[in-house]
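Heads up: the sequence shown at position 206 corresponds to 206 in the UniProt record's numbering, and the numbers run straight through without jumps. No residue lacks a Cβ here, since even glycine has one placed at the ideal position from N, Cα and C.
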Amino acid sequence: MDIFTYEIQPTNFDSLPDEKQETLLTRFASLLNTAGKITMTLARESVDFGGQRFYTNKTYVSSPEEQFGEYLASLGFKFRTVDAAPTLEILSENTRHVIAKYTHDGPDSPPTGRFGRLLVLTGLRPAMSPAWINSLLQHCHIVVVRTRKIDSDQALSMAQKYKSTIEAAAAKKPSLIPRLERAAAVYQGLQAQRTALFYTSVSCAILANSNKDLDIQSKSFIKSMKAAEVRFDVVPFLQRDAALGNWRKDLILELGSLAITFPFVSSDLLEVQGGMLLGQNVITKAPVVYDYRLRDNYNVWLLAASGSGKSVTAKVILRRMTENYPDAHVYVVDPQGEYEQISDYFGLTVTKLTDGINNKSVRRMGFDPYELFDPIDVPQVICDMAKADSLARNEITAKSASATSIFELYDKVDENTKKHLVQLVQGPFAELFKKGAGDTTEISTKTVISLEGAFDNEEREGVLLTLALARAWKSIVAAPRHLPKILVIDEGWLLFKIPTAARFVEMIARTGRKLNVLFLFITQRPADVLESEKGRVILENSDTRILLRNAEIASQEVANALWLSKRERDILPLLMKGEALIFTGEHRLRVRITPASPEELAIFSTSPNSFTPECPP
1 MDIFTYEIQP TNFDSLPDEK QETLLTRFAS LLNTAGKITM TLARESVDFG GQRFYTNKTY
61 VSSPEEQFGE YLASLGFKFR TVDAAPTLEI LSENTRHVIA KYTHDGPDSP PTGRFGRLLV
121 LTGLRPAMSP AWINSLLQHC HIVVVRTRKI DSDQALSMAQ KYKSTIEAAA AKKPSLIPRL
181 ERAAAVYQGL QAQRTALFYT SVSCAILANS NKDLDIQSKS FIKSMKAAEV RFDVVPFLQR
241 DAALGNWRKD LILELGSLAI TFPFVSSDLL EVQGGMLLGQ NVITKAPVVY DYRLRDNYNV
301 WLLAASGSGK SVTAKVILRR MTENYPDAHV YVVDPQGEYE QISDYFGLTV TKLTDGINNK
361 SVRRMGFDPY ELFDPIDVPQ VICDMAKADS LARNEITAKS ASATSIFELY DKVDENTKKH
421 LVQLVQGPFA ELFKKGAGDT TEISTKTVIS LEGAFDNEER EGVLLTLALA RAWKSIVAAP
481 RHLPKILVID EGWLLFKIPT AARFVEMIAR TGRKLNVLFL FITQRPADVL ESEKGRVILE
541 NSDTRILLRN AEIASQEVAN ALWLSKRERD ILPLLMKGEA LIFTGEHRLR VRITPASPEE
601 LAIFSTSPNS FTPECPP
């Protein structure tokens, strides 16, 4: 019989807000109820990254139903198809242990196998926490859960008999009344078809390098379970059959009670096949390895207060991306010249827009809106830049289609409208818009567009950011789709001073994945972003959110927008410099951002002495 197996993308379940936990458990219950018969394998696996070995938890689900993958997808689970779940290859069997090879034990596994012991679940206390099953991996290498739905008529008959038995016993022993109430509730749920019963078995495998160590680990496990009022037993003479699933101890559990077996949990993010190192998991001490290609979209929203490690975090992401994808096109829109100063380290050229404003002898930039924007958007862009009133807006809109440049448009409009446009065609922006002989608007495919030196007010800064972003986007659209592109916008909140720019950023957030764009949007003023509908769209379309330390009021705004748990709300204002909360896909992690070396930290940080991550040696 064919078995179809899938590795499921996990979540850091315990850190989720209650509402999200309930949603996941509801989806899991639907999966169990729909599939009927499944096997869930929780495995502790070795992962090699950067010359070091780490262990992480992974979950696999197997089913004989060919359409099982469709069930998973319809319920919103993310997964990949695999040949088989991890298992034990039994070499020999003794009364209370086996000699076995673990298929996912790593290259250092002894060729002659390891000592292994199979234990089976034989008793549970009535109330257990959701996802409890994952705690078993603290002691075991593999946990296998098998569930099989009981036919509804048979389940109803079984529940009725059980309720009658408990009812008779409770008449003599009042302490059984709570159990009777639970039995009655299950019976009523079965009658109303709100729940179901399942044959459920749980087996665990403990591995050790010696029989002595195996005994010590087994006793520790059984003692720990006993303290939690859970019973696991060793099955003598049946170790091989228990390992292969040919023998098991079935308990009968109600659908709601199976929440304890929710298996898709991991505190680590280790996407080592093509991923990039961001830092260290504060809780597990494992590396955080992130692959943007596995996200629903490629947008990264980075929020941080000044002095929280924002510069280092953004530059670590950029550096790792350029290392992983050396052929990627890179465009950094740099309001304050931070990236301009270290452009050589990233292998980027510099396009300095402000030269066209501060020094008229330099090359004209040719950043006319007619060159950068779609014709349908040009009138709105110019109106926003000119802060045109309603009459001037109507005039610009009416005459825009008949012009080919902002200078030609100026010649065509009436005198009232000219008053609004004169600052653009005769003021400091004029050189920026003009083309010199033979000039084009082409820029390097690896460039920092620097605005340093042009900041006399936020409105001008916003206009320059808009033009720089439009120029970068024009190059991105023209590039082959298969090439990775990296677009970084620092101080992104400034774009929301200009309605057209806000709409433009929203468009990038919605469509960037189609063009293979990793879009890193950086801001330290959440109110200016989240109070805007366009800003909320960017957040909603960012499958990766990175939050560094923030002022309490900012933290509250972000907490509401991100559905942070109470614990996460409390942590956010207290994060150490260089620490971040990272939310990506189903992962929620507290991460210490780690530059590759002290030298890299010195290059990236605007205040190196106050940022002390644990850099790798």
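N- and C-terminal bounds of the alpha helix (DSSP H) containing residue i
i	result
MET225	211–227
HIS420	415–425
ALA168	152–172
ILE382	378–386
SER390	390–400
GLU408	406–412
ILE99	Taken as a continuous stretch (DSSP letters only), ILE99 belongs to no alpha helix (DSSP H), being part of the beta strand (DSSP E) at 98–102.
ILE603	598–604
PHE13	Where PHE13 is concerned, there is no enclosing alpha helix (DSSP H), given that its DSSP letter is neither H nor E.
GLU497	In the sequence as presented, Glu is not what sits at residue 497; that position holds Lys. Unbroken run through LYS497: none, as it is neither H nor E.
Endpoints, the beta strand (DSSP E) within which residue i is located
i	result
SER450	446–450
residue 639	Residue 639 falls outside the range modelled here, since the chain spans only 1 to 617, and no answer is possible.
GLY116	114–123
PHE433	From DSSP, PHE433 is part of no beta strand (DSSP E) but of the alpha helix (DSSP H) over 430–433.
LEU589	587–593
GLU7	4–8
ARG146	142–149
LEU88	88–93
residue 671	Here the chain has residues from 1 to 617 only, and residue 671 is not among them.
LYS485	485–489
Distance CB(residue i)-CB(residue j) smaller than 8 angstroms
i	j	result
GLY512	TYR290	no
VAL288	VAL591	yes
LEU72	ALA243	no
TYR6	VAL120	no
PHE28	PHE262	yes
ALA386	LEU424	yes
VAL316	PRO17	no
GLU340	SER224	no
VAL463	ILE498	yes
THR447	VAL300	no
PHE521	LEU294	no
GLU533	PRO335	no
TYR187	GLN154	no
LEU348	VAL330	yes
SER402	LYS412	yes
THR122	LEU258	no
LEU581	LEU530	no
Identity of the residue in the options nearest residue i by Cα
i	options	result
LEU137	GLY123, ILE90, VAL202 and GLU167	VAL202
residue 623	GLY123, LEU564, THR544 and LYS163	The first residue shown for the chain is 1 and the last is 617, placing residue 623 beyond what the model contains.
GLN191	LEU156, ALA169 and ILE216	LEU156
LYS58	GLU45, ASP384 and GLY51	GLU45
PHE429	ILE382, ILE222 and PRO17	ILE382
ASP327	PRO236, LYS249, PRO484 and GLN154	PRO484
ASP296	PRO126, LEU518 and LEU238	LEU518
PHE407	GLN21, LEU421, THR397 and GLU395	LEU421
ILE508	SER542, SER444, GLN21 and LEU562	SER542
GLU599	TYR345, PRO178, PRO573 and VAL332	TYR345
TYR60	GLU371, ASP377, VAL145 and GLU66	VAL145
ARG319	GLU568, ASP389 and VAL488	VAL488
ALA304	LEU25, PRO369 and THR523	THR523
GLU431	THR466, HIS482 and MET365	MET365
ILE99	SER175, ASN211 and VAL47	ASN211
LYS577	THR584, GLY309 and ASN246	GLY309
LEU176	ALA185, ILE166 and ILE571	ILE166
ALA84	ILE3, GLU93, SER164 and PHE77	ILE3
ALA527	PRO379, PHE496, THR103 and VAL265	PHE496
THR39	SER63, TRP493 and ALA169	SER63
ASN416	ASN394, ALA171 and LEU255	ASN394
ASP213	GLY116, GLN280, PRO174 and ASP14	GLY116
GLN273	LEU180, VAL47 and LYS435	VAL47
VAL378	ALA314, ILE443 and THR466	THR466
GLU461	ILE476, ILE486, TYR102 and TRP493	TRP493
SER444	SER343, THR500, LYS419 and GLU66	SER343
Beta-carbon separation (whole angstroms), residue i vs residue j, contact threshold 8 angstroms
i	j	result
ARG114	ALA208	6 angstroms
THR322	LEU253	In fact, because the Cβ distance is near 51 angstroms, the residues do not count as touching under 8 angstroms.
GLN239	LEU118	5 angstroms
HIS139	ILE206	7 angstroms
ALA561	LEU575	About 18 angstroms separates the two Cβ atoms, so there is no contact after all.
Kindly provide the ranges of any beta strand (DSSP E) runs that are 3 or more residues long and lie completely inside the stretch 18–82, ordered along the chain. 37–49, 52–63 and 79–82
In chain order, each beta strand (DSSP E) run of at least 3 residues that lies wholly inside the UniProt domain "Helicase HerA central" (303–374): 329–334 and 349–352
Give, in chain order, every unbroken run of the alpha helix (DSSP H) that is at least 4 residues long and sits entirely within the stretch 222–305. 239–244
Could you tell me which uninterrupted beta strand (DSSP E) segments, each at least 3 residues in length, are contained entirely in the stretch 517–560, listed from first to last along the chain? 517–523 and 544–547
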